[in-house]
Amino acid sequence: MASAKFHNQFRQLHRWIGFFLAGIMAVYALSGTLLIFRGTDFLKVEKTEQHQLEAGLSARDLGPQLRLRGFRVEAQTDTEIRFAGGSYDKTTGLATTTRKDYPVVIDEMVHMHKANTNSPLFWLNITFGVALLFFCISAFLMFIPRALPFKNGLKIAGVGFIFALLVVVFGS
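Using my numbering, you'd call the opening residue of the sequence shown number 333 and step up by one each time.
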């Protein structure tokens, strides 16, 4: 059985890593909460951009040039093509698009939360995940296994695990 010194060292390590991760957890909590509302215009601002394209593009050629998701033409005249989120002047080649997006700081937080292996931020996500796993394990190493807080902690952790599984299975 491990000594009391061992458990106290884990308590101290758990505490210091916890203080460090508190800042990271705050950023992840905010960005994760924002992702819930990504399908709405919550906190988004309207951005208008102008793109100089070649003149005389057809409606079929305009979509790939602008690289807009869900591009569809709403109206078309001899001199202009109107589409969802903007217009294109056939004579000058000037396309004006309007979209709603997060302000820069919030946008960076959202991208951090959704980082994949193509992003350098994925190291932060991996580090955070490993640190949280350490927290799960070290929480139990802070108490002597035969002590009541350890036994109650196992029960509460089991309930939390089952709750999370039920939410994942039936919440989707």
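Glycine included, C-beta positions come from ideal geometry on N, C-alpha and C.
In this text the structure is predicted, and so the values were computed from the model without any measurement.
Query, Result
"C-alpha distance - His445 paired with Leu497, whole-angstrom precision", "22 Å"
"Alpha-carbon spacing of Gln408 relative to Leu465, whole angstroms", "57 Å"
"Pairwise C-alpha distance: Arg401 and Ile413", "17 Å"
"Contact with chain B by Leu389, beta-carbon distance below 7 Å", "The structure shown contains no chain B, having only a single protein chain."
"Residue(s) in a DSSP beta bridge with Leu414", "Looking at the sequence itself, residue 414 is Arg, so the reference to Leu does not match. Paired residues: Ala407 and Ser419."
"Simplified DSSP state of Asp433, which is helix, strand or coil", "strand"
"Chain-order list of residues whose beta-carbon lies under 7 Å from that of Arg431 (same chain, five-residue window excluded)", "Lys379 and Gly417"
"Cross-strand partners of Glu378 (DSSP beta bridge)", "Lys432"
"Pair within 7 Å by beta-carbon distance, Gly363 and Met441", "In the sequence as displayed, the identity of residue 363 is Ser instead of Gly. For Ser363 and Met441, yes; Cβs fall inside 7 Å."
"Among Val359, Lys422, Glu406 and Asn450, the one whose alpha carbon lies nearest that of Ser390", "Lys422"
"Alpha helix (DSSP H) segment containing Lys487, residue limits", "Leu480 to Phe502"
"Start and end residues, alpha helix (DSSP H) containing Pro396", "Ala391 to Leu398"
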